[in-house]
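Engineer: The structure's right below; bear with me while I get my questions together.
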Amino acid sequence: MGAPAIVIASANHQTELSEAFARYEREYDVRLVGDEISAKVTAKELMSGGHQVALFVIDSDHDQDKLYALIGGTRKVVPTARRLVVAHISRFRADSQAFRHAVAAGKVDALLLMPQGPRDEEFHGAVGELLNEWNATVAAPVVENVRIITPEKDALTRQLLDYLSRVGLPAGVHHPDSEVGREVMALCPEDEGRWPVVSSMVGWCGHCPDVRSLANQLYGRPDEIDVDEVVDLVVVGAGPAGLAASVYASSEGLSTVCLEAEAIGGQAGTSSMIRNYLGFPRGISGMRLAQRARGQALRFGTRFFTGWPATGISECADGGHHVVHTDGGDVHTRTVLVATGVDYRRLGVDSIEELVGRGVYYGAAMAAARELAGDDVVVVGGGNSAGQAAIHAARFARSVTIVVRRPDLTATMSSYLIDEIEWNPRISVRGSSRVVDGGPDDVGHLAWLDLEDVDTGEQERVEARGLFLLLGAAPECSWLPDVVLRDEHGFVLTGRDIPPEQWVDALPPEDLATTVPGIFCGGDIRAGSMKRVASATGEGASVVSSVHAWLAQ
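The working numbering applies: residue 148 is where the sequence shown begins, and numbers increase by one.
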């Protein structure tokens with residue numbers, strides 16, 4: 148496959164844009180055209196020649212009708228490409244008003260001021276972000292940090308790919324008889340036939356029976372921590388709340404350990420594009436946000452250990468501190484932040500559960516979305532995560548249907564996502580409906596679903612090669628001791644939500660304190676939380692002052 152392309156459409160500023168994009172010509176095939184017809188023809192020629200189009204750059208100097216035809220045409224021809232509108236300084240103010248809705252609705256990914264001279268790094272930083280996201284979600288990796296060798300891309304292989312996508316490690320799948328397959332198997336011939344075999348750049352090669360084994364090999368085990376050390380804070384869960392607490396605690400000199408059962412970022416890490424997070428006007432993927440936060444926490448000294456979920460908390464023998472237990476070892480700590488978040492609730496349909504990993508996925512499963520090009524996809528759920536998953540899937544799938552029990556999305560989804568979904572011609576919303584059955588094709592992959600109207604009971608069978616289930620919150624805290632009080636739904640009680648008979652001296656605990664002194668809770672697992680990335684981040688940051696106060700005692 149040839150180099151990915153950048154197609155620039157400009158009627159009057161070709162010289163300026165040609166100079167601005169000259170720096171990309173080493174790694175991208177940069178094409179300059181004058182109108183919407185040429186842009187469409189060029190894109191089709193590139194694709195038929197084995198090239199991918201990574202970015203369309205559209206000058207706003209076209210007349211209004213041709214401009215919107217060009218924007219819409221780029222989506223139809225190459226839905227996976229990013230779309231950037233650039234405006235000359237003479238019209239930038241007017242264009243900012245005219246394109247505000249187009250950017251908000253996702254018709255274009257960004258509107259930028261055309262560079263006025265060399266080294267406009269603000270402009271190129273934005274272009275770099277767009278190309279970065281395209282490379283992470285669409286392009287096949289040029290350098291594979293992890294290689295998976297297997298004769299069949301089965302459910303486990305897809306789970307490994309999804310995990311690697313969430314932690315930002317480029318990976319590839321190769322048949323044992325391929326050149327790469329033979330090269331890897333020469334390093335671990337004893338694992339021949341025990342698929343999948345995984346080889347990583349850190350030097351590990353061998354059979355990988357599950358995602359936890361892969362995480363342990365990449366990031367280490369908790370029992371590697373010096374058991375004689377009592378740290379200041381153990382953060383259980385590396386979602387937005389846990390990551391924020393890790394950054395702020397370690398930056399203020401607290402010895403901090405963060406334990407994560409799966410991938411850094413939690414559910415938020417599966418979001419293909421978060422557009423309403425403060426400080427990222429062009430949006431950021433959950434994976435990028437999580438990896439940046441992890442890197443920030445590492446810089447201040449937080450130690451991360453993934454792949455071993457916490458199995459319990461107890462007091463040490465002398466009662467002086469807490470012990471967080473995992474199957475890989477114990478961690479002794481003066482304070483604990485419970486930030487394990489929530490799982491997606493199960494659908495509860497046996498025929499669907501049997502197809503998990505073979506067309507059926509809990510969560511966004513971004514890596515799986517790429518394999519559904521030209522197929523019909525169903526997304527179940529009405530929250531922001533479901534909306535983001537549908538928009539990402541629509542870059543690849545022929546059609547995406549969002550299925551919700553409520554009449555529509557207005558009660559559960561942010562309006563900017565609803566606007567983007569309403570505009571996208573590939574996405575439709577089917578309200579007052581649920582999935583009641585499903586079945587496979589001849590090779591055992593999802594082929595059809597039965598949808599039921601919750602009001603009338605009427606059923607309809609639809610074709611579907613992909614089903615993404617994002618069904619709301621099921622708290623992940625069965626590992627906590629009973630003395631950490633929870634509400635009737637299993638969410639952890641904190642602050643004034645704790646029953647008054649549990650208060651000390653008739654005073655409520657601090658906002659994020661639980662019923663056990665020294666154990667705090669933040670993020671989605673906390674009763675009454677907003678279930679949003681920004682609010683979880685705020686709770687993770689604010690708990691550090693409570694940790695300081697407790698340690699001062």
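Heads up, the beta-carbon is just placed ideally off N, CA and C, and yes, glycines get one too.
What residue range does the beta strand (DSSP E) around TRP595 cover?
Structural biologist: 593–600
Engineer: Which of the three DSSP states is assigned to LEU193 in this structure?
Structural biologist: helix
Engineer: Kindly identify the DSSP beta-bridge partner or partners of GLN606.
Structural biologist: DSSP output for GLN606 lists GLU599 as bridge partner(s).
Engineer: For PHE638, which of THR559, PRO647, GLU623 has the nearest alpha-carbon?
Structural biologist: GLU623
Engineer: Can you tell me whether ASP671 is buried or exposed, with buried defined as 16 or more other CB within 10 angstroms of its CB?
Structural biologist: Of the residues assessed, ASP671 falls on the buried side of the cut-off, its CB having 16 or more other CB atoms within 10 angstroms.
Engineer: State the DSSP-derived secondary structure class of ILE411, mapped to helix, strand or coil.
Structural biologist: coil
Engineer: To the nearest angstrom, how far is the alpha carbon of LEU202 from that of ARG178?
Structural biologist: The straight-line gap from Cα to Cα measures roughly 11 Å.
Engineer: Does DSSP put HIS209 in a helix, a strand or coil?
Structural biologist: Under the three-state reduction of DSSP, HIS209 is assigned to coil, being neither helix nor strand.
Engineer: Which stretch, first to last residue, makes up the alpha helix (DSSP H) that contains SER561?
Structural biologist: It is not in any alpha helix (DSSP H) - SER561 carries neither H nor E in the DSSP assignment.
Engineer: Using only CA atoms, which one of GLY389, ASP301, ALA512, VAL485 lies nearest to PRO750?
Structural biologist: No answer is possible for residue 750: the residues shown for the chain start at 148 and end at 700.
Engineer: Exposed or buried, which one is SER418 when buried takes at least 16 other CB atoms within 10 Å?
Structural biologist: buried
Engineer: By Cβ distance, which residues of its chain are closer than 6 Å to SER312, with the 5 residues on each side in sequence left out?
Structural biologist: MET513, ALA514
Engineer: Using the rule of at least 16 other Cβ atoms within 10 Å of the residue's Cβ for burial, across every protein chain shown, is PRO151 buried or exposed?
Structural biologist: Result: buried.
Engineer: What does a CB cutoff of less than 7 Å around SER561 pick up in its chain, not counting 5 residues either side in sequence?
Structural biologist: ASN423, ASN531
Engineer: In terms of DSSP beta bridges, what is PHE451 paired with?
Structural biologist: Looking at the DSSP output, PHE451 shares a beta bridge with CYS405.
Engineer: Can you round the beta-carbon distance between LEU614 and LEU593 to whole angstroms, since I take them to be within the 8 Å contact cut?
Structural biologist: Going by Cβ atoms, the distance from LEU614 to LEU593 rounds to 6 Å, so yes, they are a contact pair.
Engineer: I'd like to know if GLY181 contacts chain D, where contact means its C-beta is closer than 8 Å to some C-beta of that chain.
Structural biologist: The question asks about chain D, but that chain is absent: this structure has only one protein chain.
Engineer: Going straight from the alpha carbon of ARG608 to that of ALA520, what length do you get?
Structural biologist: 21 Å
Engineer: In three-state terms, what does DSSP make of HIS321?
Structural biologist: Strand.
Engineer: Mind checking who ALA152 pairs with in its DSSP beta bridge?
Structural biologist: Paired residues: ASP176, VAL200.
Engineer: Just how far apart, CA to CA, sit VAL374 and GLY384?
Structural biologist: At VAL374, the pLDDT of 47 sits below 50, so the modelled position is not reliable; the number obtained from the coordinates is stated separately. In a straight line, the C-alpha of VAL374 is about 20 Å away from that of GLY384.
Engineer: So THR641 is in the alpha helix (DSSP H); what residue range does that whole segment cover?
Structural biologist: Premise fails: THR641 is in no alpha helix (DSSP H) and is neither H nor E.
Engineer: Is the beta carbon of ASP338 less than 8 Å from the beta carbon of HIS321?
Structural biologist: no
Engineer: May I ask you to report which of helix, strand or coil DSSP gives PHE168?
Structural biologist: coil
Engineer: Select from GLN535, ILE153, TYR508 the residue whose C-alpha is nearest the C-alpha of GLY430.
Structural biologist: Closest by alpha carbon: GLN535.
Engineer: How many angstroms separate the CA atom of SER579 from the CA atom of GLY413?
Structural biologist: 29 Å
Engineer: Roughly how many whole angstroms lie between the Cα atoms of ILE645 and ALA396?
Structural biologist: 25 Å
Engineer: Just to confirm, is the Cβ distance from VAL224 to LYS191 under 8 Å?
Structural biologist: Contact: yes.
Engineer: In whole angstroms, give me the CA-to-CA distance for PRO587 and ILE568.
Structural biologist: 28 Å
Engineer: So the beta strand (DSSP E) PHE615 belongs to, where does it begin and stop?
Structural biologist: 613–616
Engineer: From what residue to what residue does the beta strand (DSSP E) around ILE460 run?
Structural biologist: For ILE460, the enclosing beta strand (DSSP E) starts and ends at 457–462.
Engineer: Looking at the unbroken alpha helix (DSSP H) that takes in ILE296, where does it start and where does it end?
Structural biologist: No alpha helix (DSSP H) holds ILE296; the beta strand (DSSP E) holding it covers 293–296.
Engineer: Taking 8 Å as the threshold, find out whether the stretch 283–298 comes into contact with the stretch 483–501 through three or more Cβ pairs.
Structural biologist: no
Engineer: For PRO572, count the other beta carbons within 10 Å of its own beta carbon; 16 or more makes it buried, fewer makes it exposed. Which is it?
Structural biologist: With fewer than 16 Cβ atoms within 10 Å of its Cβ, PRO572 is classed as exposed.
Engineer: Between the beta-carbon of SER207 and the beta-carbon of ALA234, is there less than 8 Å?
Structural biologist: yes
Engineer: DSSP state of ILE574, grouped into three classes?
Structural biologist: In this structure, ILE574 counts as strand in the three-state DSSP scheme.
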